[in-house]
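Before any comments, here is the structure.
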Amino acid sequence: MTLLVATTNQGKLREIAGILEGLPVDLVTLRQYPDIAEPEETGQTFGENARLKALYYARHTGLPSVADDSGLEIAALDGAPGVHSARWHGSDYAHKFRMIHELLAARSVTGSPARFVCHVALASDGRIEYETEQEVCGEIAAVPRGTHGFGYDPIFYYAPLGRTLAEIEPHEKAAISHRGKAFGALRAHLSAHPVWLRSS
Ligand code: IMP
1073 MTLLVATTNQ
1083 GKLREIAGIL
1093 EGLPVDLVTL
1103 RQYPDIAEPE
1113 ETGQTFGENA
1123 RLKALYYARH
1133 TGLPSVADDS
1143 GLEIAALDGA
1153 PGVHSARWHG
1163 SDYAHKFRMI
1173 HELLAARSVT
1183 GSPARFVCHV
1193 ALASDGRIEY
1203 ETEQEVCGEI
1213 AAVPRGTHGF
1223 GYDPIFYYAP
1233 LGRTLAEIEP
1243 HEKAAISHRG
1253 KAFGALRAHL
1263 SAHPVWLRSS
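When the sequence shown is numbered by this note's numbering, its final residue is 1272 and no position is left out of the sequence of numbers.
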């Protein structure tokens, strides 16, 4: 089976490819489909955006397509940046981290509980075949630390390992992260449905 992983984010793609490694599927990405315009992510929730992206790319490529929508929710900021994580206050993460700390300071908070959420949807033949939503809970670090991972990883402190997600190895992150758990569940679903795997 050929499965389209609908992302252009190299950080995410590395993580997803690692998690799905060993399944009898050939992964293709949006790099192979440069002419397909990105759909507007108009959803109000991670689930709505993941479903709309998976259905859109399945329709445009004719391939079973998996899409995820993910982001960071900071409790003391009423769940921001949430579904707007990618574009919230621009694309420079050093600036985004400063904004988070400034907004928290304005509310007299230093570290806030936070969670990363990942909703994964698999679409084929015009319908959603499978979906799951997973999270990892942590807190906002007072200072960004670490060089692994991507995005908000340096300011997401994960107490059970005593480090930020940017300070842990990729395989450690895959074991505990929102995306690791969501694609792990997708992997289990695909493994449990070998007929579907073969027939596509
Ligand atoms: P999406 O590509 O629309 O799902 O947007 C996801 C955005 O949420 C990314 O661009 C990052 O800013 C943030 N994000 C999601 N997952 C992670 C993660 O595992 N680490 C750090 N940032 C993440």
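Built from N, CA and C at the ideal position, the CB exists for glycine as well.
- Between residue 1092 and residue 1102, the C-beta spacing is not below 8 Å.
- Annotated as proximal: residue 1153 and residue 1143, with beta-carbon spacing under 8 Å.
- In terms of CA proximity to residue 1200, 1136 leads the group 1136, 1075, 1151.
- In this structure, residue 1211 sits away from residue 1180, with a CB-CB distance that is not shorter than 8 Å.
- Take the alpha-carbon of residue 1078 and the one of residue 1085: they are about 9 Å apart.
- Within the model, the alpha-carbon separation for residue 1132 versus residue 1258 is close to 22 Å.
- Taking the Cβ of residue 1142 as the reference point, at least one heavy atom of ligand 1 falls within a distance shorter than 7 Å.
- Within the region 1125 to 1203, complete beta strand (DSSP E) segments of at least 3 residues are found at 1137 to 1146, 1185 to 1196, given in chain order.
- Around the C-beta of residue 1251, 16 or more other C-beta atoms lie within 10 Å, and the residue is accordingly described as buried.
- Taking a C-beta distance under 8 Å as the contact criterion, residue 1189 and residue 1207 qualify as a contact pair.
- In the same chain as residue 1203, and ignoring 5 residues on each side of it, the C-beta atoms closer than 6 Å to its own belong to 1193, in chain order.
- The criterion of a C-beta distance shorter than 8 Å is not satisfied by residue 1254 and residue 1164.
- The alpha-carbon of residue 1097 is positioned some 10 Å away from that of residue 1076.
- Remark: the C-beta of residue 1170 is outside contact range of ligand 1, defined as less than 7 Å to any heavy atom.
- By the neighbour-count criterion, in which 16 or more other beta carbons inside 10 Å mark a residue as buried, residue 1241 falls on the exposed side.
- At a cut-off of 3 residues, the continuous stretches assigned as beta strand (DSSP E) that sit fully inside the region 1200 to 1232 are 1228 to 1230.
- Per DSSP, the beta-bridge partners of residue 1076 are 1100, 1137.
- For residue 1255, the distance from the CB to the nearest heavy atom of ligand 1 is not below 7 Å.
- The C-beta of residue 1182 has fewer than 16 other C-beta atoms within 10 Å across all chains shown, which makes the residue exposed.
- Looking at the DSSP output, residue 1123 sits in no beta bridge, so it has no partner there.
- When rounded, the separation of the alpha-carbon atoms in residue 1172 and residue 1074 is 40 Å.
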